[in-house]
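The opening position of the sequence shown corresponds to residue 9 in this note's numbering, with each subsequent residue numbered one higher. Scroll down for the structure; my scribbles are underneath it.
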Amino acid sequence: MEKAKVYFTDFKATGRENLLQKLHRLMKQAGFETIDFENKFTAIKIHFGEYGNLAFLRPNYAKVVADYVKELGGKPYLTDCNTLYVGSRKNALDHLDTAYVNGFSPLQTGCHVLIGDGLKGTDETLVPIDGEYVKEAKIGSAIMDADVFISLTHFKGHEMTGFGGALKNIGMGCGSRAGKMEQHREGKPQVDQKLCVGCGSCQKICAHDAPIIKDKKATIDHDKCVGCGRCLAVCPKDAIDAEDNRSIEMLNYKMTEYAWAVCKDRPCFHISLICDVSPNCDCHPENDIPIVPNVGMLASFDPVALDKACADLCNQMQPVEKSILGENIKKNENHVGHDHFHMTHPDTEWRVAIAHGVKIGLGTDQYELIRI
């Protein structure tokens, strides 16, 4: 397979061209206008950000994409699917409220918002793919109904997949609630009783009442647990870990096959912005300081190459000293040549998703970075 073209521009701006204009120019240079948008429903997949999180992409960027689609005759809408965990986006009404609070209303973005899997997360389309790990992907119907698919991704760290890039935005983000459960359910968390203080953070975040607090210690009811991993992320004592380390690999495999289900058989275009690179997903109701400085904006027709390019660029950056990454580096004497995302979350390995994306033909990890 020949190298994929990944287009890149930094966040430097001048009086002649601001960042929104640079994004438009980046998309044009990357071949956006080669897509036939005339009278086509165009899904722009974005993460609206959990209420309280401030690291998500500004809605101004979404407006640039939506306006460009309309300029080319298309009918754009912003979309995301409901979450598996308790939070401000667990059903369509709460999800819309959160999207509007965070600035993604039609007045600010110039297009409507459709929650991909409906009111309760059950409006899904079954997409046969006969993958190695997924036979039938469960994708939000409002996403599968689109003629053209665009991913607009905030590239950041992630507590389970290493980083949240295009594959995560597409594969996990477009899965219905049942689809998200399928991707997460390989491994179940367990609690180290010596570390647990019974604070109840895991209990508050769980949508399925799986954590049980007894005698100031938590245990996980595996019959109720779906393996989403939210409890791992919120535990202040790092007392919760995955039952099987292979579950991280399986999540990456399934997520990548879900991304393939979303992208196959229709025109797709992918944009990633490496800014406010928080250590965790925008699904968190908080965001810690960035692990690396802002890098730039990238676009490509290949989501695998795009993720690989983003990861490579981040790994070339100097870590932010007081970030989680910076603190972990100080604790680790053998950090020379480390990977920033693995150092931030040692139990993760993002290369699994990249390799599987290449294997199933979703894209390539070989790319040409074209700076504009």
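Beta carbons are placed, not taken as given, at the ideal position from N, Cα and C, and that holds for glycine.
Identify every residue that forms a DSSP beta bridge with residue i.
| i | result |
| --- | --- |
| L281 | H162, M305 |
| T264 | DSSP, once it has assigned bridges, lists no residue as partnering T264. |
| T133 | I147 |
| T227 | I220 |
| F45 | F45 is not bridged to any residue. |
| A51 | Y85, F157 |
| D249 | Q198 |
| K13 | E376 |
| G183 | I147 |
What are the start and end residues of the beta strand (DSSP E) that includes residue i?
| i | result |
| --- | --- |
| K176 | Careful: K176 lies outside any beta strand (DSSP E) and carries neither H nor E. |
| R379 | 375-379 |
| G84 | Residue 84 is actually Pro in this sequence, not Gly. Looking at the DSSP string, the run of the beta strand (DSSP E) that includes P84 is 83-88. |
| I123 | 120-123 |
Just to check my reading of the structure: residue i and residue j have Cβ atoms closer than 8 Å, yes? What is that Cβ distance to the nearest angstrom?
| i | j | result |
| --- | --- | --- |
| V94 | Y59 | Wrong, their Cβ atoms sit about 12 Å apart, outside the cutoff. |
| Y52 | I158 | With the sequence shown as reference, residue 52 is identified as Ile, and Tyr is not the correct amino acid for it. I52 to I158, Cβ: 5 Å. Contact. |
| K188 | V205 | That pair is no contact at about 29 Å. |
| N295 | N61 | 5 Å |
| D125 | E132 | 6 Å |
| G129 | S184 | 6 Å |
| V199 | A226 | 5 Å |
| G172 | C289 | 5 Å |
| I279 | L377 | Not quite, the Cβ-Cβ distance comes to about 15 Å (not below 8 Å), so this is no contact. |
| T50 | K13 | Between K13 and T50 the Cβ distance is about 22 Å, and since that is not below 8 Å, they are no contact. |
| F163 | C318 | 5 Å |
| L259 | I248 | 16 Å between Cβ atoms; not a contact. |
| A63 | S308 | Going by Cβ atoms, the distance from A63 to S308 rounds to 23 Å, so no, they are not a contact pair. |
Within the same chain, show all residues whose beta-carbon is closer than 8 Å to that of residue i, passing over the 5 residues directly before and after it, in chain order.
| i | result |
| --- | --- |
| Q326 | V300, P301 |
| N340 | H346, M351 |
| L127 | N99, A100, L101 |
| I221 | G206, G208, Q211 |
For the alpha helix (DSSP H) that residue i lies in, which residues bound it at each end?
| i | result |
| --- | --- |
| E79 | 67-79 |
| Q198 | Where Q198 is concerned, there is no enclosing alpha helix (DSSP H), although the beta strand (DSSP E) it sits in stretches over 197-199. |
| P311 | 311-323 |
| K20 | Neither: K20 is in no alpha helix (DSSP H) and is coded neither H nor E. |
| S113 | Taken as a continuous stretch (DSSP letters only), S113 belongs to no alpha helix (DSSP H), as it is neither H nor E. |
| L28 | 27-37 |
| R359 | 359-367 |
| M168 | Note, M168: premise wrong, no alpha helix (DSSP H); not H, not E. |
Residues in its own chain within less than 7 Å of residue i by CB, not counting five upstream and five downstream?
| i | result |
| --- | --- |
| F40 | Y76, F277 |
| H348 | I299, V300, C322, N323, P327, L333 |
| H230 | K196 |
| G365 | L175, T264, V312, G371 |
| I446 | No information on residue 446 is available, as it lies outside the stretch 9 to 380 that the chain covers here. |
| I54 | L65, A70, L86, D88, L160 |
| P244 | C207, S209 |
Going by beta carbon distance, what residues of the same chain come within less than 6 Å of residue i, once the five residues before and after it are set aside?
| i | result |
| --- | --- |
| C291 | E58 |
| R379 | F16 |
| A107 | F56, V121 |
| V142 | K262, E265 |
| G118 | K71, A74, D75 |
| Y375 | K11, A12, V14, A313, A317 |
Using a beta-carbon distance below 7 Å, is residue i in contact with chain B?
| i | result |
| --- | --- |
| D310 | Here chain B cannot be found, since the structure has a single protein chain. |
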